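Those protein sequence lines, which keep their order, are chains A and B.
Using this note's numbering, you'd call the opening residue of the first sequence number 1193 and step up by one each time.
Using this note's numbering, you'd call the opening residue of the second sequence number 285 and step up by one each time.
Heads up: the structure comes next, in structure tokens.
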Amino acid sequence: MARIFKVWGNLKKYLEKEKLMSISNFLVMGITFLLLGLFIDTIVLSQTALRYLEDQAQITIFFKDSYTEDQILALKKNIEDDSRIASVTYVSKEEALRIFKEINKDEPVLLESISSSILPASLEIKAKNISNLDSLANEYKAKDGVEEVRFYKDVVQRFASVSRGVYIVGFVLVVIFFIISYSVIISALRTSINSRGKELEIMKLVGASDSYIKGPFIYEGVFFSIISSIAAAIMILLLGVGMDKLGIFSKGFSVGFIPGFFINPIIFSIVLAFVLILSGFILGYFGSSAAVKKYLKY
Amino acid sequence: MSQIEFSNVTKEYIPGIKVLENVSFSVNNEEFVFIVGPSGAGKSTIVCLLIGEEKPTEGDIKFNGESVLEIPREEMSSLRRKIGVVFQDYKLLDSKTVYDNVAVALEVVDSEKEEMNNIIPNILSLVGLSKQKDSYPRQLSGGEKQRAAIARALAHEPDVLVADEATGMIDPDSTDGVVEILEKINSLGTTVIMCTHDERIVNKLKKRVIRIEKGKIISDKEGGKYRG
């Protein structure tokens, strides 16, 4: 306990003595953590946007006129039981006509010549993972009563590859940004430690142990980075609350590469805030250890 | 058994360039030894090797019969408490008073306040700085700063006190004062090794002189003279 008071006393003295250096440390680290948080947010938002677009990708199965509504509904039930399928919507001939009329309401001549009998009934199928659409389409082509199976293969494949690309590039960028953050934090802590290089040299000279020399600098590094990361985490939390209130993504944020997995923006922001604070602790601990290392070289 | 023993020590900071070459000497308990030689001769390297700040390229260094090279890293700090060192540039903390500068040495071993209050006044009295205990380094003369550095080096009651060009930045009168203190410390039982190129003090004290040039020991004489 006495040691904690001593460490806190020394830290307080340092903060009072080196106000400018302390403020600059807080700012540099705080901005770095905030950028890290915003960067992760941006990656997740872009992934979420892609996932929402992916969800619009579907297969449409058009049926022959001879295939009855009961047969189509039986097939619908079978398809719904497939674990790869997210949703199946039945569009009857009448519903197809209504949609057609809605789309072409400004073309009265065209509408006069159309009746529900010439429009095919269909099933609109959305898969949980768009990479399955191609194989599903091939399966449905072979089913009885199927006139045509349509899906925009090129568009879907492009979406799938863009989505995968965003995920991989995003992950790599987050790792790179994490390394950049680590370097920025080491530099900030090293500047502060270098300003007390003489003190360290003297401590070593008079027989201080490595742990005695390292201790205060590690506490200091952890203190700076934890406080900075907490400040950044609060901003990220507020942003998450804002996103939730705006309700841009009704299903929530898509995280990772798990199809169909969505998380509420506030919960995501709480997790991200926790990750930032944990990163603050880790970066502060290892950053200050690395920064003080050169003074402990024998 | 010698207190300090250098056996065929060679040191290269850059491969192929020998700062010390095959240096061997020993120092006995309570001895007062001068290590003399021009700048760059290798005197400070001997100090760095002795306190484990550097490792020799070849050879061995023993302190109280134990090889310095074999001391584990975590025990190196206790070696440094047995060997007090003072440097030409004093290495005092400008933001601390004389008392607090000495206290730094005791704080690193978590000494209690009471213990410090018993030890520090005695050391300051020994080096003649009792009146200046609340002064900051900027308020002291060169000689006084060096005496404060000596006081800090004595805080752990070391077996050996090494003065590396300790009088290099002070005037002759202050130099005499510092040397007088070193003699007093030696008479109380602490081994003193003084690295210098000041022929005046070497010739005045008539102690053992190890002369080193270009990394090699040229002579090692009791009561030797030195012409720099």
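Every residue, glycine too, gets a C-beta built ideally from N, C-alpha and C.
Predicted model, so just to flag it, every value in this text is computed and none were measured.
Coarse secondary structure for residue i, derived from DSSP in three states
i          : result
B:Ala-447  : strand
A:Thr-1281 : strand
A:Lys-1293 : helix
A:Ala-1319 : strand
A:Arg-1388 : coil
B:Ser-419  : coil
A:Glu-1210 : coil
A:Glu-1299 : coil
A:Ser-1258 : coil
A:Lys-1486 : helix
A:Arg-1276 : coil
A:Val-1398 : coil
B:Gly-488  : Residue identity differs from the one stated: residue 488 of chain B is Lys in this sequence, not Gly. Reduced to three states, the DSSP call for B:Lys-488 is helix.
A:Ser-1471 : helix
A:Ser-1480 : helix
B:Ile-404  : helix
A:Met-1440 : Inspection of the sequence shows that residue 1440 of chain A is occupied by Ile rather than by Met. Residue state, collapsed to three classes: coil.
B:Ile-288  : strand
A:Met-1435 : helix
B:Leu-376  : coil
A:Met-1221 : helix
A:Thr-1234 : helix
B:Val-462  : helix
A:Pro-1408 : helix
B:Asn-313  : coil
A:Ile-1215 : helix
Beta-carbon proximity check, residue i vs residue j, cutoff 8 Å
i          : j          : result
A:Leu-1325 : A:Ala-1483 : no
A:Ala-1319 : A:Arg-1276 : yes
B:Lys-491  : B:Phe-316  : yes
A:Phe-1254 : A:Ala-1424 : no
A:Tyr-1259 : A:Gly-1357 : no
B:Phe-318  : B:Ile-465  : no
A:Ile-1235 : A:Gly-1444 : no
A:Ser-1480 : A:Ile-1428 : no
B:Asn-470  : B:Glu-314  : yes
A:Ala-1468 : A:Gly-1229 : The question names Ala, but residue 1468 of chain A is Leu in the sequence shown. In this structure, A:Gly-1229 lies closer than 8 Å to A:Leu-1468 by Cβ.
A:Glu-1412 : A:Tyr-1487 : no
B:Val-463  : B:Leu-489  : yes
B:Asp-455  : B:Thr-474  : no
B:Asp-504  : B:Phe-309  : yes
A:Thr-1252 : A:Arg-1342 : yes
A:Ala-1313 : A:Glu-1246 : no
A:Ile-1317 : A:Val-1348 : no
B:Ser-419  : B:Thr-459  : no
A:Phe-1292 : A:Leu-1311 : yes
B:Asn-312  : B:Asn-292  : no
B:Gly-343  : B:Glu-497  : no
A:Tyr-1244 : A:Phe-1441 : yes
Residues sharing a beta bridge with residue i, DSSP
i          : result
B:Lys-368  : Note on residue identity: the sequence assigns Gly, not Lys, to residue 368 of chain B. B:Gly-368 pairs with B:Leu-445.
A:Asp-1247 : Answer is none; A:Asp-1247 lacks a bridge partner.
B:Cys-479  : B:Ile-319 and B:Asp-448
B:Val-307  : B:Val-293
A:Ile-1419 : Answer is none; A:Ile-1419 lacks a bridge partner.
A:Ile-1455 : A:Phe-1445
B:Ser-351  : B:Lys-346
A:Val-1338 : A:Phe-1255
B:Arg-495  : B:Val-320 and B:Ser-503
A:Ser-1314 : A:Phe-1254 and A:Val-1283
B:Lys-302  : B:Glu-296
* Take every Cβ of the region 1300-1309 of chain A, pair it with every Cβ of the region 1260-1272 of chain A, and state whether three or more of those distances are shorter than 8 Å. => They do not touch, by the three-pair rule.
* Asked: Going along the region 1196-1207 of chain A in order, which residues come within less than 8 Å of chain B, judged by CB to CB distance?
  -> Look at the region 1196-1207 of chain A: it has no residue with a C-beta under 8 Å from a C-beta of chain B.
* To do: Below 9 Å between beta carbons is the criterion; list the residues of the region 387-419 of chain B that meet it against any residue of chain A, in chain order.
  => Per Cβ criterion, the list reads Val-388, Ala-389, Leu-390, Glu-391, Val-392, Val-393 and Asp-394.
* If you pair each beta-carbon of the region 428-439 of chain B with each one of the region 358-370 of chain B, do three or more pairs fall below 8 Å? -> Result yes; three or more Cβ-Cβ pairs closer than 8 Å.
* Asked: If we count Cβ pairs, one from each stretch, closer than 8 Å, do we get three or more for the region 1206-1219 of chain A versus the region 1395-1407 of chain A?
  -> Between the region 1206-1219 of chain A and the region 1395-1407 of chain A there are fewer than three inter-stretch CB-CB distances shorter than 8 Å, so the stretches are not counted as touching.
* Residues of the region 367-380 of chain B with Cβ closer than 7 Å to any Cβ of chain A, in chain order -> If you check each beta-carbon in the region 367-380 of chain B against every beta-carbon of chain A, the ones closer than 7 Å belong to Val-369, Lys-375 and Leu-377.
* Between the region 1388-1405 of chain A and chain B, which residues of the former have a C-beta closer than 9 Å to a C-beta of the latter? -> So the close ones are Lys-1390, Glu-1391, Glu-1393, Ile-1394, Met-1395, Lys-1396, Leu-1397, Val-1398, Gly-1399, Ala-1400, Ser-1401, Asp-1402, Ser-1403, Tyr-1404 and Ile-1405.
* Count the CB pairs spanning the region 371-390 of chain B and the region 425-433 of chain B that are closer than 8 Å, and state whether there are at least three. => Yes: the two stretches touch, three or more of their Cβ pairs being nearer than 8 Å.
* To do: Pair every Cβ in the region 449-459 of chain B with every Cβ in the region 478-486 of chain B, then say whether three or more of these pairs are closer than 8 Å.
  => Touching, per the Cβ criterion.
* Which residues, in chain order, does the region 347-358 of chain B contribute to contact with chain A at a C-beta distance below 9 Å? -> Listed by position along the chain: Arg-357 and Glu-358.
* Pair every Cβ in the region 1455-1464 of chain A with every Cβ in the region 1430-1438 of chain A, then say whether three or more of these pairs are closer than 8 Å. => Counting Cβ pairs under 8 Å, three or more are found: they touch.
* Asked: Which residues, taken in chain order from the region 472-500 of chain B, show a beta carbon closer than 8 Å to some beta carbon of chain A?
  -> Listed by position along the chain: nothing, the set is empty.
* When Cβ atoms are compared, which residues of the region 436-453 of chain B fall closer than 8 Å to chain A? -> Listed by position along the chain: Arg-436, Ala-437, Ala-439 and His-440.
* **Meets three-Cβ-pair contact criterion under 8 Å: the region 392-399 of chain B and the region 408-417 of chain B** => Under the 8 Å Cβ criterion, the region 392-399 of chain B does not count as touching the region 408-417 of chain B, having fewer than three qualifying pairs.
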